[in-house]
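Data first, discussion second: the structure below is written as structure tokens.
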Amino acid sequence: MVYTLSRWTIKKELTVKHTQLSENIKTTKIFSNGRSQAVRIPKKYRFDSEYVSIRYRRGELVISAYNPDTSLEKFLAMPTFPDFEATRGRTKKAKSTS
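So the working numbering is basically just the index in the sequence shown, starting at one, shifted up by 1.
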């Protein structure tokens, strides 16, 4: 599920729109929590996890369910290539101590 938050009005209200169901447009308030801003997400759109992903895309703040399987993790999980020097017949020689 992806939720899009449009820019807030002077009243500090945000429009929360579920991108898959365009007829479900809700308005919610933002409030201060310490030095941060927080958004009340309606119960209908509650996330099942403790964390969410936040990104700014095309002028909108996008909050989506946290997916720990990120692109970097996928890249690091890819099989590695054999050592380039070893494939060319070169190996590192150990230094002699004598």
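The C-beta atom is built at its ideal place from N, Cα and C for all residues, glycine as well.
Please read all numbers here as calculations on a predicted model, not as lab measurements.
Original post:
Bridge partners of Y57, per DSSP?
Top reply: Here residue 57 is taken as the residue at index 56 of the sequence shown, counted from 1. Under DSSP, the beta-bridge partners assigned to Y57 are L62.
Subject >> Three-state secondary structure (DSSP) of F48 >> reply: Against the sequence shown, residue 48 aligns to sequence position 47. In the structure shown, F48 sits in coil (DSSP, three-state: anything other than H, G, I, E or B).
Subject >> Reduced DSSP secondary structure (H/G/I, E/B, other) of F76 >> reply: Taking the sequence shown and counting its residues from 1, the one referred to as residue 76 is at position 75. If DSSP states are grouped into helix, strand and coil, F76 belongs with the helices.
Subject >> Nonlocal neighbours in the same chain, by C-beta distance under 6 angstroms from Q38, ignoring five residues either side >> reply: What you label residue 38 is simply residue 37 of the sequence shown in a count that begins at 1. If we look at Q38 and ignore the five residues flanking it on each side, its Cβ neighbours are I31.
Subject >> Same chain, Cβ closer than 6 angstroms to T10, neighbours up to 5 away in sequence not counted >> reply: Working through the sequence shown from its first residue, we reach residue 10 at position 9. Note that T10 has pLDDT 37, beneath the 50 cutoff, so the model's placement of it is unreliable and no number is given.
Original post:
Can the beta-carbon of S54 be found closer than 8 angstroms to that of N34?
Top reply: Counting from one through the sequence shown, the residue named residue 54 turns up at place 53. Counting from one through the sequence shown, the residue named residue 34 turns up at place 33. Taking 8 angstroms as the Cβ cut-off, S54 and N34 do not qualify as a contacting pair.
Original post:
If you draw a straight line from the alpha carbon of G60 to that of T29, how long is it in whole angstroms?
Top reply: Here residue 60 corresponds to residue number 59 of the sequence shown, with the count starting at 1. Here residue 29 corresponds to residue number 28 of the sequence shown, with the count starting at 1. Within the model, the alpha-carbon separation for G60 versus T29 is close to 19 angstroms.
Original post:
Does DSSP put T28 in a helix, a strand or coil?
Top reply: One-based indexing of the sequence shown puts residue 28 at position 27. Strand, per DSSP.
**OP:** Give the DSSP-derived three-state secondary structure of N68 in the structure shown.
**Re:** By 1-based counting over the sequence shown, the position of residue 68 is 67. In the structure shown, N68 adopts coil according to DSSP, grouped into three states.
Subject >> Length of the line joining the Cα atoms of T1 and R56 >> reply: Given that the chain is displayed from residue 2 to residue 99, the structure contains no residue 1 and the question cannot be resolved.
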